[in-house]
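Protein chains in written order, with the working numbering: chain A, 1 to 268; chain B, 1 to 192.
Since the structure comes first, as structure tokens, the remarks are kept for the end.
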Amino acid sequence: MIFDKIYIDVVSSFGGLWSFKERENSLEIITPFATTSHKFVSVFVTQRGDDFIVSDGGWVADGSYGSPFDRNIDCYAKIILHYLDNFQVRETSNLTRVSFFYKKTDKQIAVPSLILDMANFISSIVSLSEVEYEVERKTYDLFSRTANVFLSDLFVGKFETNVYFDLTTRHVKPNAIIKKDNGKVLLVNYITGSNLANFKSSIGKTTVIFELAEKSILKDKIDNKVTFVDDFSTGFGSSEVGAWLDNLSDKPRIKRIDWSKKEEFSNI
Amino acid sequence: MPKIIITEIRDKYADYTTLLTGRKSVFEQVINITEKKGNNKNFLTNRDVNVKHSSLTDAITLIAEVRVDNYKYFNFKLRCRSLSEVPFFRFDSDGETHRNYDDSIPLSEQQITTPHFHRFNENGLLIAYKTDKLLNEQERIALEDISLCVIHFCHESNIRLNDDDFPGISIMPGTFQFETENNDPNKGVNFA
């Protein structure tokens, strides 16, 4: 056999990448499968009645692998469906509504096969969530992520993102809601865009969200509405954008804060 | 998309080393973990704790986070925004296994389970490692206690409370504590 030492090394190196942690009624099995975020994939084996369960422990959806899991991106949602379908992976959720992916079997002999499928599934889904699918989302997501980190650090315990202002109608979902000490809230929407059209569309969306907020029965809870403007984005700067932004800022109870002057949030 | 190489750290590696190895001080006797983490409902966190470096003037913060349902699942991070947005040093008590993505390390040694520390190498690559204490099974179990582990973290990152003491940790002081050791993620999940 040629390269026999290499072959033996490959088999033993890969074999050495299996490890485990005991977690009450589940066994975490750390597999040799890796993600592009440079984590090794774990699967969680447990038993329910006669069935063996192999789950992802909720780690894909809760971001444990350090990757986003955004099913609002069409391409990514299709990829997830493709993998769910082909590996016959099922989905459920835990009490805090985090998605769990799993496979189950009543034949113990099938467990390794399920682990191969789940590890493959997790590795692919986590890695593919890191792909930048659409050029425009990239600019938006980058600013959105940076702004979220900045505001959540500044307003520790008072910052929320991806939540509705009015839970009854579910019409108003600004980028961020910040609770003030007076019991009221700041509604914050981010404005960015890689070109003129995208930037204007971002302003338009913010305008509608803020107008709907003022029509909400909860409007008295609004302390102020803030546009958080990415003045470093390539879509910013033209006189047309300036006019659109001025039009929005001229409306009552709207304050504009630019990223370059983000410290103004401290005084709001 | 998370970057593989943190160029800000690679390009200022001498500063990074000074930042990490130089003596740093905190002035809060107890770090209170009381707040929900902004965009992750699974974790509680602290209000900013400022860390002062003995020879640098850069603002440094110490962040402590703990899982709501498992107080043995926590992390500590040190961040210096003037160097990089990414924390420059961290400890993870539990959670995912890191891969040290470096061809010069044999494959079987690239896998670093938790608990582990993270630091950057001279190429700006994030490297996970275990200290001797974490490799010793009895000490590792003792360090599942966040109040003890914070001391190990301070030793490893050269932080002291005032001159030669260590800060304590308090999670949700003054509140009734529910189950705080849910170590099994599958618990309570209905696999229909």
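The C-beta atom is built at its ideal place from N, Cα and C for all residues, glycine as well.
Is there a Cβ from chain B that is less than 7 Å from the Cβ of residue i?
i               : result
Y102 of chain A : yes
T46 of chain A  : yes
I217 of chain A : no
S55 of chain A  : yes
N247 of chain A : no
A34 of chain A  : yes
I257 of chain A : no
V156 of chain A : yes
S260 of chain A : no
G16 of chain A  : yes
Y7 of chain A   : no
Beta-carbon separation of residue i and residue j under 7 Å?
i               : j               : result
L62 of chain B  : L78 of chain B  : yes
K24 of chain B  : V51 of chain B  : yes
K39 of chain A  : E96 of chain B  : yes
I31 of chain B  : A59 of chain B  : no
S64 of chain A  : S37 of chain A  : no
S165 of chain A : A110 of chain A : The question names Ser, yet the displayed sequence has Phe at residue 165 of chain A. Cβ atoms of F165 of chain A and A110 of chain A: not closer than 7 Å.
V26 of chain B  : L148 of chain B : no
N70 of chain B  : N183 of chain B : yes
I203 of chain A : L248 of chain A : yes
L135 of chain B : P115 of chain B : no
I8 of chain A   : F20 of chain A  : no
I33 of chain B  : V68 of chain B  : no
F191 of chain B : F76 of chain B  : no
K225 of chain A : I254 of chain A : yes
K180 of chain A : D223 of chain A : yes
P174 of chain A : V188 of chain A : yes
L196 of chain A : G235 of chain A : yes
Pick out whichever of the options has its Cα sitting closest to the Cα of residue i.
i               : options                           : result
F87 of chain A  : A:T161, A:Q108, A:I122 and A:R97  : A:I122
L107 of chain B : A:D70, A:F33 and A:Y164           : A:F33
P87 of chain B  : B:H152, B:R119 and B:Q110         : B:R119
L125 of chain B : B:F76, B:S147, B:D102 and B:V49   : B:D102
D62 of chain A  : A:A197, A:S129 and A:K215         : A:S129
V98 of chain A  : A:K221, A:A119 and A:G58          : A:G58
R81 of chain B  : A:D153, A:E22 and A:S144          : A:D153
L116 of chain A : A:N162, A:I80, A:Y133 and A:V54   : A:V54
I191 of chain A : A:E24, A:Y7 and A:V208            : A:V208
L114 of chain A : A:L84, A:S93 and A:E240           : A:L84
T175 of chain B : B:S104, B:H152 and B:E35          : B:E35
S26 of chain A  : A:V11, A:D56, A:D4 and A:S12      : A:D56
V49 of chain B  : B:F191, B:H98, B:D145 and B:G168  : B:G168
A176 of chain A : A:T169, A:R170, A:S144 and A:G193 : A:S144
I159 of chain B : B:D94, B:H98, B:F89 and B:I5      : B:F89
N182 of chain A : A:I268, A:F69, A:L95 and A:S12    : A:I268
F91 of chain B  : B:F166, B:S157 and B:H53          : B:S157
With 7 Å as the threshold, decide whether the Cβ of residue i is near any Cβ in chain A.
i               : result
Y101 of chain B : yes
N75 of chain B  : no
F191 of chain B : yes
M1 of chain B   : Caution is warranted here: a pLDDT of 44 is assigned to M1 of chain B, below 50, making its placement in the model unreliable, and the coordinate value is therefore given only provisionally. Cβ-Cβ to chain A under 7 Å: yes for M1 of chain B.
N123 of chain B : no
T97 of chain B  : yes
G188 of chain B : yes
K52 of chain B  : no
Q111 of chain B : yes
S82 of chain B  : no
R10 of chain B  : no
P167 of chain B : no
D58 of chain B  : no
R90 of chain B  : no
State buried or exposed for residue i, treating a residue as buried only when at least 16 other CB atoms are found within 10 Å of its CB.
i               : result
N72 of chain A  : exposed
L19 of chain B  : buried
A243 of chain A : exposed
P173 of chain B : exposed
K107 of chain A : exposed
W259 of chain A : buried
C75 of chain A  : exposed
P252 of chain A : exposed
E160 of chain A : buried
T168 of chain A : exposed
V126 of chain A : buried
G188 of chain B : exposed
I2 of chain A   : exposed
Is residue i near the ligand GTP, in the sense that its beta carbon is under 6 Å from a heavy atom of that ligand?
i              : result
R23 of chain B : You won't find the ligand GTP in this model; it holds no ligand whatsoever.
State yes or no: is the beta carbon of residue i nearer than 7 Å to at least one beta carbon in chain E?
i              : result
K36 of chain B : Protein chains A and B are contained in the structure displayed, whereas chain E is not.
- Query: Of all the residues that make up the segment 166 to 193 of chain A, which are near chain B by a beta-carbon distance shorter than 7 Å?
  - Reply: none
- Task: Check each residue of the segment 69 to 94 of chain A: if its Cβ is closer than 9 Å to any Cβ of chain B, include it; give the result in chain order.
- Result: If you check each beta-carbon in the segment 69 to 94 of chain A against every beta-carbon of chain B, the ones closer than 9 Å belong to R90, T92, S93 and N94.
- Residues of the segment 19 to 43 of chain A whose Cβ lies closer than 7 Å to any Cβ of chain B, in chain order: S19, R23, E24, N25, S26, I30, A34, S37, H38, K39, F40 and S42
- Query: Using Cβ-Cβ distances below 9 Å, what residues of the segment 102 to 117 of chain A are close to chain B?
  - Reply: Within the segment 102 to 117 of chain A, the qualifying residues are Y102 and K104.
- Chain-ordered residues of the segment 128 to 149 of chain B with a beta carbon less than 8 Å from chain A: none
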